[in-house]
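Mapping the sequence shown onto this note's numbering, position 207 (from 1) lands on 317, and the numbers just tick up by one.
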Amino acid sequence: MAGWIRALPIISHSIIVFIFSIFVNIISNNNSRCITSFSFILQIIFIISTHFVMELNKSGESFPERVFLIGMPAAGKSLVGKRLAQRIGYYFIDLDRLIEQQSGEKIDAIFKKKGEDYFRLVEQKALHSMDSLREVVIATGGGTPCFHNNMQWMKTNGFCIFINPSLDTILHRLDNEKSNHRPLLQKNIGTDLRSTLERLYRERKPIYSEAQLAINREDFPMEEVLKRMAEPNV
111 MAGWIRALPI
121 ISHSIIVFIF
131 SIFVNIISNN
141 NSRCITSFSF
151 ILQIIFIIST
161 HFVMELNKSG
171 ESFPERVFLI
181 GMPAAGKSLV
191 GKRLAQRIGY
201 YFIDLDRLIE
211 QQSGEKIDAI
221 FKKKGEDYFR
231 LVEQKALHSM
241 DSLREVVIAT
251 GGGTPCFHNN
261 MQWMKTNGFC
271 IFINPSLDTI
281 LHRLDNEKSN
291 HRPLLQKNIG
301 TDLRSTLERL
311 YRERKPIYSE
321 AQLAINREDF
331 PMEEVLKRMA
341 EPNV
């Protein structure tokens with residue numbers, strides 16, 4: 111589990127000590143019986159919270175070390191990834207943002223200056239760097255699984271989830287974006303956008319469908335996702 115989850119017992123203990131010190135200062139009649147009772151209650155709370163965190167750790171250890179989210183542009187990979195990471199206490203990484211941080215350039219700028227072939231090599235390198243990380247949820251780019259055998263690499267080194275909303279949902283999200291920073295879609299604004307997305311989806315779906323799990327609805331049950339992730343040999 112992530113560090114903040116493991117630190118919960120310590121945080122709980124610190125809060126309890128702080129509350130207890132305030133309580134002691136408030137009691138002016140030095141009622142030792144009252145103080146003892148209150149101290150006992152706080153210790154019980156601390157024990158329960160520690161047990162809860164231990165159970166979280168046990169369940170978390172059964173999850174894959176790396177979870178890769180794949181799907182079309184604007185499918186909601188980052189949104190789902192953040193929710194999932196928070197739920198299981200993993201770190202969240204957006205692969206595109208990582209590439210931008212490492213290169214010092216925006217994705218669309220890399221496409222324009224050096225072309226898609228160069229970007230896909232940079233993307234592969236960033237993806238493979240994930241093999242040194244544990245307990246992470248990684249939102250990939252829309253085309254990440256489709257180049258340089260990346261899909262097979264992700265399945266070998268983690269658990270892949272295909273985020274698969276309707277095309278109408280994707281179009282709605284793209285329409286609401288303040289700026290279109292997606293290189294492969296920048297030249298297809300307006301009436302051409304739907305046909306471009308349909309073509310990309312047809313081309314990429316066979317690869318996306320190799321994922322161990324697909325989420326095809328907006329209100330997917332997180333508990334079902336966790337159950338599938340914890341199953342051996344999925």
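Here a beta-carbon is modelled for each residue, glycine too, at the ideal position from N, C-alpha and C.
Between residue i and residue j, what straight-line distance do the alpha-carbon atoms span, to the nearest angstrom?
i, j, result
"A184", "S276", "11 Å"
"R82", "R176", "Nothing in the structure corresponds to residue 82, since the chain is present only between 111 and 344."
"K216", "M261", "24 Å"
"L348", "P255", "Past the edges of the chain, shown from 111 to 344, lies residue 348, and the structure says nothing about it."
"I180", "K265", "11 Å"
"G268", "R207", "20 Å"
"I325", "F221", "30 Å"
"Y311", "N274", "10 Å"
"M339", "P316", "21 Å"
"R327", "V190", "12 Å"
"L194", "V247", "8 Å"
"A321", "P331", "18 Å"
"K235", "L281", "30 Å"
"F229", "G253", "11 Å"
"F257", "R197", "30 Å"
"D285", "R314", "22 Å"
"E341", "F178", "16 Å"
"W263", "E308", "26 Å"
"K192", "S172", "19 Å"
"M182", "E287", "15 Å"
"H238", "A219", "22 Å"
"K223", "Q211", "17 Å"
Could you spell out the range, first to last residue, of the beta strand (DSSP E) harbouring residue i?
i, result
"A249", "V246 to A249"
"G191", "Premise fails: G191 lies in the alpha helix (DSSP H), K187 to I198, not in any beta strand (DSSP E)."
"A184", "From DSSP, A184 is part of no beta strand (DSSP E); its letter is neither H nor E."
"I204", "It is Asp, not Ile, that sits at residue 204 in the sequence shown. Where D204 is concerned, the enclosing beta strand (DSSP E) stretches over Y201 to D204."
On the criterion of 16 or more Cβ atoms from any shown chain inside 10 Å, does residue i qualify as buried, or is it exposed?
i, result
"G225", "exposed"
"L231", "exposed"
"Y318", "buried"
"S188", "buried"
"T250", "buried"
"D329", "exposed"
"D241", "exposed"
"D278", "exposed"
"E233", "buried"
"Y97", "The shown model of the chain, from 111 to 344, leaves out residue 97, and the question about it has no answer."
"P174", "buried"
"D204", "buried"
"G214", "exposed"
Considering just the uninterrupted stretch of the alpha helix (DSSP H) at residue i, what are its terminal residues?
i, result
"G225", "I217 to H238"
"L243", "Segment: none, L243 is in no alpha helix (DSSP H) and carries neither H nor E."
"A321", "First-last for A321: undefined, no H or E at that position."
"R338", "M332 to A340"
ask   = So, do the stretch 331 to 341 and the stretch 304 to 315 have three or more beta carbon pairs nearer to each other than 8 Å?
value = Judged by Cβ distances under 8 Å, the stretch 331 to 341 makes no contact with the stretch 304 to 315, as fewer than three pairs qualify.
key: Within the stretch 264 to 292, ranges of the alpha helix (DSSP H) (whole runs, at least 4 residues)   = List check, alpha helix (DSSP H) in window: 277 to 286.
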